[in-house]
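Scroll down for the structure; my scribbles are underneath it.
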Amino acid sequence: MLTSSRPRQGQGQDPIVNIMLSGGRVTTTFREALFDATAREGLSVNEYCLMAAAEKLRASGHQFSGIFTPGDTEASN
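Next comes the structure, spelled out in structure tokens:
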């Protein structure tokens, strides 16, 4: 994991870091469903996966700042 020594503008002192996502293997139907969902949301696969991870982390009680805006990680009703 690479870290940045500079804080992101407007984000306080929480440094921005890179995350490498690779090596995932899934079935063809899962991949198709994932790509369909990302296209509907207008997100990249990485953005979609990070959003899903953030939602799960928030639901587990984790607190973090990040690339998300208010409401991004709220469960939809």
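Residue numbers (UniProt numbering): 1 to 77.
We put the CB at the ideal spot given by N, CA and C, even for glycine.
Since this is a predicted model, take the numbers as computed values, not measurements.
{"Asked": "Ends of the alpha helix (DSSP H) at Val-26?", "Found": "That residue, Val-26, is in no alpha helix (DSSP H); it is neither H nor E in DSSP."}
{"Asked": "Measuring straight from C-alpha to C-alpha, what distance separates Ala-53 and His-62?", "Found": "11 Å"}
{"Asked": "If you draw a straight line from the C-alpha of Arg-40 to the C-alpha of Asn-18, how long is it?", "Found": "26 Å"}
{"Asked": "Whose C-beta lies closer than 8 Å to the C-beta of Asn-46 among residues of the same chain, with five residues either side of it excluded?", "Found": "Leu-21"}
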